[in-house]
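Shown next, in structure tokens, is the structure this report addresses.
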Amino acid sequence: MTELTGTPLPPLIKLEGIVKAYRKGGQTVSIFDGLDLSFQESEFVAIMGPSGSGKTTLLNLLGGIDRIDGGEISFQGTPISGQSDGWLTRWRARHVGFIFQFYNLMPYISAAKNVELPLLLTGLSARERRHRVELALDLVGLSDRSRHRPGELSGGQQQRVAIARAIVTDPELILADEPTGDLDRATADGMLDLLHEISAAMGKTVIMVTHDPRAAERASRVLHLDKGLLVRSPELVR
Amino acid sequence: MTTLWLAWRNLMRHRLRAVLMLFSVSIAFVLYGTLFGLNNLLGSGDVAGGRDLIVHHRANILQTLPAHYRDSVAQVPGIESIAAVSIIGGYVGERSNKVPTLMVDPAPYLAQNGEGIVLPAAQRADFLATRDAVIVDARTAQENRWSVGDRVVITSEISPHVDGGFDWPFRIAGIYTAAKPEDAITGAFGRIDYFNAAAAVGRDRVHWFAARTRDAAANERIVETVDARFANSEAETRTEPAAAMARAFLTQVVDFTLVIRLVVGAAFATILMIVGNTVALGVRQRRREFGVMRALGFGSRQVAAIVVAESLIVALFGALLGLTLSSMLLALMSAGITGTAPTLSSLPLGVLASGLGIAALFGTATALLPTYRAARISPAEAFSRS
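Protein chains in written order, with the numbering used here: chain F, 1 to 238; chain V, 1 to 386.
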């Protein structure tokens, strides 16, 4: 991706020489050994691969949830690897939105309160928070369900609430872990439309882990991971 | 939406669990409020709290003192009046029909208890003049259908009569009332000279002396003087405020305050473990939820604050419920003692304030382990497939 002048834009998030291993059963299992990768602003990227290929680990590293053993991850030019837990927590609150396979909404509060949850960390007034929640729910088409609890919503509606929660703080990066994995085809298509819109119209970088090739087809780039290696170079699908 | 609000909503999702925890906590506070409230009502032991003192055996109130101590105590500067008192206990007919009876020096005792024993002048004069006379409170008289002039027999539980057996014949000289309900004294009063003439054992021995001082400010010195006077004698004394007499009765068996502390401490320790375990279970069941919050950007302290808030809500509401119940129990007990209708006498302020302080400590203590666990939950839990 380049500007009109031809100067390449700096990546939103960049991984250089990433090394990551886990200890399992007394043995060290290598996940990544020198992975290089970068994501641009406004990209919609799908990450595919078999179980154990490192997809979720990659998502955790991108979200500052897991730590690397070597290399460097930088966000908008600032290194995030090596930062303290507190710093990463604040960074996540400000710059990252998460969407999970099983929605992970709090079952005991309404859809609106679920969406408001990350805003509690922003210092915004209650009125401003309410306004932002209304906007986010409107964007995902659930304004009329704001008072419903998750248990009173369908799977697709719950995932829309989760998307509203992910975008309500206006983060640059949205990380989605199998967002359509628990939905039927039609509902999944609607969800992918929404993610595409968030990326294309709102300028968010959406990185989605998926097993579903039809979901991956909707992304602007598909990465295939196998045993921690990129087995196909970045490829423009659409 | 705040941490407290989130904690409250989470508690309310398992209402039965929350209610059961609340009741568990309230049980400890009922015990705390009732026992410490009672302890407080029995007298704080403040020597300068009033002009009435009691002088009893150093060991306990059921050990007797020689009657001749009376003159010696009366000579202590600052003593206005002194009355000897002996217990014969007592019931009429059935053992369950209690008529607690004290044998006293009539004139000084009536003078000291002008508020609690109000008698018509003629009846008073009769009591002062007749050796086997007895005066009873109006409720006891009514329950036994007694009138002035009746001859009655009170059976002692501890003092045999010189005629054999434990029956003590009396003639009712007067029926007394109290000036105010809170001053009411239940039971009967006979005369110590009758006791000394008719008791088969324990003549010229008394259970305690009721003393009135001229100035409460001098009580500390008087207490020291009296007790020093009988130090190293065959019957050493302990002089205390009259308000501490009920406590002195209980202390004859055990250290009442120590027992209260042990019982309440055991209750709190048990319930601390039960509630702590329940809160910990709640944290285990919500690992993913806390993981999601951590992923969304909540710090470990913010997650911990929610757990602490939940524990504090349970502890404070449980304390309020328990203390309210104990206040009602105390009111009923107080009514039982004075023979009046129950009034919602409030818990002593000190007990209430300490109770709320304990609730805060209790809430924090129960949250310690669960909070530690919640704070260590990784945001990666949010991605758990299980």
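Note that beta-carbon positions come from the ideal geometry of N, C-alpha and C, so glycine has one too.
Identify every residue that forms a DSSP beta bridge with residue i.
{"i": "F:K14", "result": "F:S38 and F:S74"}
{"i": "V:R95", "result": "According to DSSP, V:R95 bridges with nothing at all."}
{"i": "F:I99", "result": "F:A176"}
{"i": "V:T213", "result": "V:I79"}
{"i": "V:S86", "result": "V:M103"}
{"i": "F:H131", "result": "Looking at the DSSP assignment, F:H131 forms no beta bridge with any residue, so it has no partner."}
{"i": "F:I47", "result": "F:V209 and F:L223"}
{"i": "V:I54", "result": "V:A210 and V:E240"}
{"i": "V:I154", "result": "V:W168"}
{"i": "F:T28", "result": "F:R23"}
{"i": "V:H161", "result": "V:A199"}
{"i": "F:P79", "result": "F:S74"}
{"i": "V:A188", "result": "V:T101 and V:V136"}
{"i": "F:L230", "result": "F:L225"}
{"i": "V:T177", "result": "V:V118"}
{"i": "F:D33", "result": "F:V19"}
{"i": "V:P66", "result": "V:R205"}
Rounding to the nearest angstrom, what Cα-Cα distance links residue i and residue j in this structure?
{"i": "F:R238", "j": "F:R218", "result": "Note that F:R238 scores 38 on pLDDT, short of 50, meaning its location in the model is unreliable; the coordinates nonetheless yield the value given after this. Cα to Cα, the separation comes out at about 7 Å."}
{"i": "V:L347", "j": "F:V96", "result": "54 Å"}
{"i": "F:L223", "j": "F:S51", "result": "14 Å"}
{"i": "V:I274", "j": "V:Q285", "result": "17 Å"}
{"i": "V:T343", "j": "V:L325", "result": "Low per-residue confidence applies at V:T343: pLDDT is 48, beneath 50, and the placement is therefore not dependable, though the value from the model is reported in the following sentence. One C-alpha to the other measures close to 13 Å."}
{"i": "V:L38", "j": "V:R70", "result": "32 Å"}
{"i": "V:R171", "j": "V:V134", "result": "6 Å"}
{"i": "F:L59", "j": "V:G33", "result": "55 Å"}
{"i": "F:T57", "j": "F:R23", "result": "14 Å"}
{"i": "F:R132", "j": "F:L124", "result": "10 Å"}
{"i": "F:D138", "j": "F:R185", "result": "23 Å"}
{"i": "F:I18", "j": "F:G82", "result": "13 Å"}
{"i": "V:G339", "j": "V:A267", "result": "No answer about V:G339 holds up, because its pLDDT of 47 lies below 50 and its placement is not dependable."}
{"i": "F:R129", "j": "V:L296", "result": "16 Å"}
{"i": "F:T2", "j": "V:S378", "result": "Note that F:T2 has pLDDT 42, beneath the 50 cutoff, so the model's placement of it is unreliable and the number below is only indicative. Going by the C-alpha atoms only, they are around 38 Å apart."}
{"i": "F:F100", "j": "F:K227", "result": "23 Å"}
{"i": "V:S110", "j": "V:D126", "result": "The residue you asked about is not Ser; residue 110 of chain V is Leu in the sequence shown. If I take the Cα positions, the gap works out to 13 Å."}
{"i": "F:M106", "j": "V:G276", "result": "23 Å"}
{"i": "V:A28", "j": "V:R15", "result": "20 Å"}
{"i": "V:A359", "j": "V:L320", "result": "9 Å"}
{"i": "V:V264", "j": "V:P241", "result": "26 Å"}
Since residue i contacts residue j with CB under 8 Å, what's their CB separation in whole angstroms?
{"i": "V:G299", "j": "V:S26", "result": "The Cβ separation is near 33 Å, so there is no contact."}
{"i": "V:E115", "j": "V:A211", "result": "Not a contact, Cβ separation roughly 17 Å."}
{"i": "F:F44", "j": "F:S220", "result": "5 Å"}
{"i": "V:F290", "j": "V:A367", "result": "Incorrect: roughly 14 Å between the Cβ atoms, too far for contact."}
{"i": "V:A84", "j": "V:V206", "result": "4 Å"}
{"i": "F:I163", "j": "F:L135", "result": "Between F:L135 and F:I163 the Cβ distance is about 13 Å, and since that is not below 8 Å, they are no contact."}
{"i": "V:I260", "j": "V:L35", "result": "4 Å"}
{"i": "F:S42", "j": "F:S199", "result": "6 Å"}
{"i": "V:G90", "j": "V:I154", "result": "4 Å"}
{"i": "F:P171", "j": "F:G77", "result": "Between F:G77 and F:P171 the Cβ distance is about 17 Å, and since that is not below 8 Å, they are no contact."}
Taking Cβ-Cβ distances shorter than 9 Å, what residues in chain C pair up with residue i?
{"i": "F:A46", "result": "Looking at the structure shown, chain C is missing, and the protein chains on hand are F and V."}
**Where the region 303-325 of chain V meets chain F: residues whose CB sits under 7 Å from a CB there** = none
**Message:** Using a Cβ distance threshold of 8 Å, determine whether the region 134-152 of chain V contacts the region 87-101 of chain V, with at least three qualifying pairs required.
**Reply:** They touch, by the three-pair rule.
**Message:** Taking contact to mean 3 or more Cβ pairs, one atom from each stretch, closer than 8 Å, check whether the region 307-314 of chain V and the region 348-365 of chain V are in contact.
**Reply:** yes
**Item:** Contact between the region 4-13 of chain V and the region 63-77 of chain F (3+ Cβ pairs under 8 Å)
**Value:** no
**Three CB pairs or more closer than 8 Å across the region 154-171 of chain V and the region 197-213 of chain V** = yes
**Asked** Three or more C-beta pairs closer than 8 Å, one from the region 86-94 of chain F and one from the region 133-150 of chain F: is that the case here?
**Response** With contact defined as three or more Cβ pairs closer than 8 Å, the region 86-94 of chain F and the region 133-150 of chain F are not in contact.
**Request:** Flag this pair as touching only if the region 115-126 of chain F and the region 17-24 of chain V have three or more C-beta atom pairs under 8 Å; answer yes or no.
**Result:** no
**Asked** Between the region 187-205 of chain F and the region 21-36 of chain F, do three or more beta carbon pairs fall short of 8 Å?
**Response** As far as the Cβ criterion goes, the region 187-205 of chain F does not touch the region 21-36 of chain F, which means the pair count is below three.
**Message:** Three Cβ pairs or more, each shorter than 8 Å: is that satisfied between the region 76-86 of chain V and the region 210-226 of chain V?
**Reply:** Cβ pair count under 8 Å is three or more, so yes.
**Interface residues of the region 274-300 of chain V facing chain F [CB-CB below 9 Å]** = R288, E289, G291, V292, M293, R294, A295, L296, G297, F298, G299 and S300
**Message:** I want to know whether the region 266-281 of chain V touches the region 149-169 of chain F - three or more CB-CB distances under 8 Å.
**Reply:** Touching, no, given that fewer than three Cβ pairs across the two stretches are closer than 8 Å.
**Item:** Where the region 353-380 of chain V meets chain F: residues whose CB sits under 8 Å from a CB there
**Value:** S378, P379 and A380
**Residues, ordered as in the chain, of the region 105-117 of chain F that lie near chain V by beta-carbon distance below 9 Å** = Cβ contacts with chain V come from L105, M106, P107, Y108, I109, K113, E116 and L117.
**Item:** Residues, ordered as in the chain, of the region 50-79 of chain F that lie near chain V by beta-carbon distance below 9 Å
**Value:** T56, L59, N60, G63, G64, I65 and D66
**Request:** Below 7 Å between beta carbons is the criterion; list the residues of the region 122-140 of chain F that meet it against any residue of chain V, in chain order.
**Result:** none
**Prompt:** the region 159-188 of chain F: which residues have C-beta closer than 7 Å to a C-beta of chain V, in chain order?
**Reply:** D177
**Prompt:** Which of the residues in the region 3-15 of chain V, read from start to end, lie with their CB under 8 Å from any CB of chain F?
**Reply:** L6, R9, N10, M12 and R13
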